[in-house]
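If you read the sequences in order, they're chains A, B, C and D.
First residue of the first sequence: 6, per our numbering; consecutive thereafter.
First residue of the second sequence: 6, per our numbering; consecutive thereafter.
First residue of the third sequence: 6, per our numbering; consecutive thereafter.
First residue of the fourth sequence: 6, per our numbering; consecutive thereafter.
Quick reminder that beta carbons are idealized off the backbone N, C-alpha and C, glycines included.
Number of protein chains: 4
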Amino acid sequence: MPKITESQRETRRQQILDAALRCFSRDGFHNTTTADIVRESGVSQGTLYLYFTTKDDIIVALADDRRHGDALLSALAQSEQDAVDGLGLLLEFYGRSLSDPNRTDSRRVSIQGWAEALRNPAIHASIVGNTAAVRRQIAALIARGQADGQVRADVDPDGVAQTLIATFQGLTLQASLGEVIDLAAIGRTMDGMLLGLLTPAGRAAHA
Amino acid sequence: MPKITESQRETRRQQILDAALRCFSRDGFHNTTTADIVRESGVSQGTLYLYFTTKDDIIVALADDRRHGDALLSALAQSEQDAVDGLGLLLEFYGRSLSDPNRTDSRRVSIQGWAEALRNPAIHASIVGNTAAVRRQIAALIARGQADGQVRADVDPDGVAQTLIATFQGLTLQASLGEVIDLAAIGRTMDGMLLGLLTPAGRAAHA
Amino acid sequence: MPKITESQRETRRQQILDAALRCFSRDGFHNTTTADIVRESGVSQGTLYLYFTTKDDIIVALADDRRHGDALLSALAQSEQDAVDGLGLLLEFYGRSLSDPNRTDSRRVSIQGWAEALRNPAIHASIVGNTAAVRRQIAALIARGQADGQVRADVDPDGVAQTLIATFQGLTLQASLGEVIDLAAIGRTMDGMLLGLLTPAGRAAHA
Amino acid sequence: MPKITESQRETRRQQILDAALRCFSRDGFHNTTTADIVRESGVSQGTLYLYFTTKDDIIVALADDRRHGDALLSALAQSEQDAVDGLGLLLEFYGRSLSDPNRTDSRRVSIQGWAEALRNPAIHASIVGNTAAVRRQIAALIARGQADGQVRADVDPDGVAQTLIATFQGLTLQASLGEVIDLAAIGRTMDGMLLGLLTPAGRAAHA
DNA sequence: TATGAATGAGACTTCATTCAT
DNA sequence: AATGAATGAAGTCTCATTCAT
Chain A
6 MPKITESQRE
16 TRRQQILDAA
26 LRCFSRDGFH
36 NTTTADIVRE
46 SGVSQGTLYL
56 YFTTKDDIIV
66 ALADDRRHGD
76 ALLSALAQSE
86 QDAVDGLGLL
96 LEFYGRSLSD
106 PNRTDSRRVS
116 IQGWAEALRN
126 PAIHASIVGN
136 TAAVRRQIAA
146 LIARGQADGQ
156 VRADVDPDGV
166 AQTLIATFQG
176 LTLQASLGEV
186 IDLAAIGRTM
196 DGMLLGLLTP
206 AGRAAHA
Chain B
6 MPKITESQRE
16 TRRQQILDAA
26 LRCFSRDGFH
36 NTTTADIVRE
46 SGVSQGTLYL
56 YFTTKDDIIV
66 ALADDRRHGD
76 ALLSALAQSE
86 QDAVDGLGLL
96 LEFYGRSLSD
106 PNRTDSRRVS
116 IQGWAEALRN
126 PAIHASIVGN
136 TAAVRRQIAA
146 LIARGQADGQ
156 VRADVDPDGV
166 AQTLIATFQG
176 LTLQASLGEV
186 IDLAAIGRTM
196 DGMLLGLLTP
206 AGRAAHA
Chain C
6 MPKITESQRE
16 TRRQQILDAA
26 LRCFSRDGFH
36 NTTTADIVRE
46 SGVSQGTLYL
56 YFTTKDDIIV
66 ALADDRRHGD
76 ALLSALAQSE
86 QDAVDGLGLL
96 LEFYGRSLSD
106 PNRTDSRRVS
116 IQGWAEALRN
126 PAIHASIVGN
136 TAAVRRQIAA
146 LIARGQADGQ
156 VRADVDPDGV
166 AQTLIATFQG
176 LTLQASLGEV
186 IDLAAIGRTM
196 DGMLLGLLTP
206 AGRAAHA
Chain D
6 MPKITESQRE
16 TRRQQILDAA
26 LRCFSRDGFH
36 NTTTADIVRE
46 SGVSQGTLYL
56 YFTTKDDIIV
66 ALADDRRHGD
76 ALLSALAQSE
86 QDAVDGLGLL
96 LEFYGRSLSD
106 PNRTDSRRVS
116 IQGWAEALRN
126 PAIHASIVGN
136 TAAVRRQIAA
146 LIARGQADGQ
156 VRADVDPDGV
166 AQTLIATFQG
176 LTLQASLGEV
186 IDLAAIGRTM
196 DGMLLGLLTP
206 AGRAAHA
């Protein structure tokens, strides 16, 4: 007989996570104190530990947040017909992710998550697992393109997927470091790279 | 009136930095104590502060280590003749960087440096500065290729440079997270991407 | 206007005390949290405070538990005829107390009560009061023996009583520390001590 | 190449232990904060942890303090000739221990040590070990008396030793609880008990 | 120059207690 | 009466940095 409903609990938990995200983004994980999160979230010190067992647990929870990756995956899944269209969707999705001002904190915290993943198995698993799902999906898309004859047979679908992901990880880093990301230019470049690589005649993308 | 020579001092300093690199790689920056570095380096607690004013100063020094980037730059500079050859050199250099077991600690610490750069201006400047130099050099190489007619005129040299760097940053991350980096596969993929993008006819690389 | 009967209330209270006794015995008073008692007793956190105003109040209640001392006193009171028989009864009673496996928790918590009594007046009063009653009763028994001529006139009844109690306190401690208590051997020793001390000719006990 | 000598270190350590003893005696172990010990000892918070790894470690060190037990043992060892004299020495020694105002804190902390010993193996080992040594020595003394014909052959040396120790433990408790310890009366009682028990004719002690 | 003992501010976490439901 | 979520004060321990030797 719980005193609060599951949804109230979830709301409270999210309220803490949102506050933590802002704090971590602003000050970094290790320079954020639980007192900071408490102040930012409006809950009490004790309540924090009613929802998370540990400060580390909070980052893990942030890293585990599948909402973003899931959106990508389902976007990709929709493009079951055409591989090239699917890749276009992918570029678009990532492009938005890179520049969406609502995701600034998310991007900055991701980078801290990478650093933590080097020594925190839970975060490591979360990141690697999330990446692997996307990578499989992209590789499958390319393989489908090969089966359809849309994509050259001699490219390695998984290698391309891995490389694409790496590129977006690097761009995420650069965006967070304040490098200007000219989405149009990057988009053209990546379009050109992919189509040059994948299409039999190097036909222009979307053209 | 220094009691030790400049070179003795430099040796000592490097000894501390080497120890710090091992510690940071193993435990992360924030989970490494100055006591750890002292233990690993063999110098005393007090001595540490004769060479670095602050623990943060040690990461800054590691981030500032230009030795690696400089090697890349000079390698690139040598290929003044042929843009395509220059890019080949670049891929080779980065490929080695990614897989060189002697650079494992370096790669891991780089990632932590990225996280620190978000809030430490000195590290930020160091990373961004280092990247910018490489990026300029690559863009120049491509522009030279365009001037020579080797490279398509409608590509954006800087966009390509930025993208390339991003990709290698992402691969560095993946390597440190334990993802298998199949250098041959990645190399073929990147070769294909670059040549598909850059060369007028999408001619095969090095073929 | 109570919503539960007095006996329901008493049952509930005892249920909490029993749980607390197990917890305190296992983990010590200060390492037992109210949450532990809640878990062990099956009542809720809030309910605990309907029955006890404070965690300290729970130990006080346990220390105040007169059931054991009362049993001793009434046993002693029954032996109004013969002092030597009365002392025999006493040894028997204490011997059982020391070895009764049902009283293991009780003994362990007693020792913690001693430590608490040093700074908690209520517990102090409870322990000292309980001891004093027993001590008076024993001294009275001996004095009666002196009046009857059963016991040497030159012994100090109160000194003997105090010493006897001390011995049993020490044995309680030793039992709880895991020392083997050979009841037969201890019984013979104490029998010998008492009779050697008390009886005019040092006649053998119960012989 | 230590900066302080072993003896300086030992002095500092003892200074902390002395302060801790006062604090524990006054407020109890669990109601003493490390801040209290720091205040009372005059060292800094950090220094405390240079000498003890843990707050628990401080009690263990206090329990481990063999100085008192050793004094008793060597006193007993001196009385190699006469068992009855040896026991007299023992009573005297314990009598002084019980009433020595310089040992008030020690006695109070002992009782807390008993409570801790129930769940702290190091303290348990310390107390039990210390007691065992004394017990062996007393039993040996009595056995020697039996060999000499001074002591009745039918008493159990170890049982007597254990009982004696128990009595003094109990008296320590009572003394700390504020019970008046009339040393003369207790001494006569114990003298009578021991001699009634041990001597063939129940001859008067020291008479 | 080098040392390492000392410092003390501050972090994370626990837990007795309360109170709205 | 009973519940259990919420509270926040407080405690232990760590660690970057200093400074007398």
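Item                                                                                                                                           : Value
Minimum Cβ-Cβ distance from Gln13 of chain B to chain A less than 8 angstroms                                                                  : no
Per-residue DSSP class, three states only, for Phe98 of chain C                                                                                : helix
Cβ-based neighbour list, Ala137 of chain A, same chain, cut-off 8 angstroms, excluding 5 preceding and 5 following                             : none
Leu26 of chain C beta carbon less than 8 angstroms from that of Leu5 of chain C                                                                : Coverage of chain C is limited to positions 6 through 212, which leaves residue 5 of chain C absent and any answer about it impossible.
Cβ distance (whole Å) where Leu123 of chain B is taken to contact Ile116 of chain A below 8 angstroms                                          : 7 angstroms
Straight-line gap, Arg18 of chain B to Gly100 of chain A (C-alpha atoms, nearest Å)                                                            : 43 angstroms
Chain-order list of residues whose beta-carbon lies under 7 angstroms from that of Tyr56 of chain C (same chain, five-residue window excluded) : Arg17, Arg18, Ile21
Integer Cβ distance of Leu96 of chain A from Met195 of chain A, believed to fall under 8 angstroms                                             : 6 angstroms
Candidates C:Thr204, C:His129, C:Ser12, of which the one nearest Ala158 of chain C by Cα                                                       : C:Thr204
Exposure of Asp105 of chain A, with buried meaning 16 or more beta-carbon neighbours within 10 Å                                               : exposed
Host alpha helix (DSSP H) of Asn135 of chain B (start-end)                                                                                     : 126-153
For Phe29 of chain A, the three-state DSSP class (helix, strand or coil)                                                                       : helix
CB-CB length for Val160 of chain B against Leu202 of chain B, believed under 8 angstroms                                                       : 6 angstroms
Secondary structure of His73 of chain D, DSSP reduced to three states                                                                          : helix
Burial state of Val89 of chain C, where buried means 16 or more other Cβ atoms lie within 10 Å                                                 : buried
Contacting residues, own chain, Cβ-Cβ under 8 angstroms from Gly192 of chain A (five flanking each side not counted)                           : Leu96, Gly100
For Pro106 of chain A, three-class secondary structure by DSSP                                                                                 : helix
Where Leu182 of chain B sits in the DSSP three-state scheme                                                                                    : coil
Exposed unless 16 or more other CB atoms sit within 10 angstroms - verdict on Glu15 of chain D                                                 : exposed
Nearest neighbour of Gly154 of chain A, chosen from A:Gln86, A:Ala68, A:Ala66 [CA to CA]                                                       : A:Gln86
Sequence-distant residues of its chain with Cβ nearer than 8 angstroms to Gln167 of chain C (five each side left out)                          : Arg140
Closer than 8 angstroms to chain B by CB, Gln232 of chain A                                                                                    : With chain A covering 6 to 212 only, the question about residue 232 of chain A has no answer from this structure.
Secondary structure of Val48 of chain B, DSSP reduced to three states                                                                          : coil
Contact set between the segment 116-136 of chain C and chain D, restricted to residues whose Cβ is under 7 angstroms from the partner          : Ile116, Gln117, Trp119, Ala120, Ala122, Leu123, Arg124, His129, Ile132, Val133
Below-8 angstroms beta-carbon distance, Asp70 of chain A vs any chain B residue                                                                : no
Cutoff 8 angstroms: Thr172 of chain C Cβ touching any chain D Cβ                                                                               : yes
C-alpha distance - Val149 of chain A paired with Val165 of chain A, whole-angstrom precision                                                   : Inspection of the sequence shows that residue 149 of chain A is occupied by Arg rather than by Val. Distance between the alpha carbons of Arg149 of chain A and Val165 of chain A: 14 angstroms.
Distance CB(Asn135 of chain A)-CB(Arg72 of chain A) smaller than 8 angstroms                                                                   : no
Cβ-based burial, Thr10 of chain A [other Cβ within 10 Å; buried from 16]                                                                       : exposed
CB of Asp32 of chain B within 8 angstroms of CB of Asp41 of chain B, strictly                                                                  : yes
Proximal residues of chain A, C-beta to C-beta of Val160 of chain B below 9 angstroms                                                          : Arg193, Thr194, Gly197
CB contact flag (Ala68 of chain A, Ile132 of chain A, <8 angstroms)                                                                            : yes
Simplified DSSP assignment, three categories, for Asp90 of chain C                                                                             : helix
Sequence-distant residues of the same chain with beta carbon closer than 6 angstroms to Lys60 of chain D, five excluded per side               : Thr39
Span of the alpha helix (DSSP H) around Ala158 of chain A                                                                                      : Where Ala158 of chain A is concerned, there is no enclosing alpha helix (DSSP H), given that its DSSP letter is neither H nor E.
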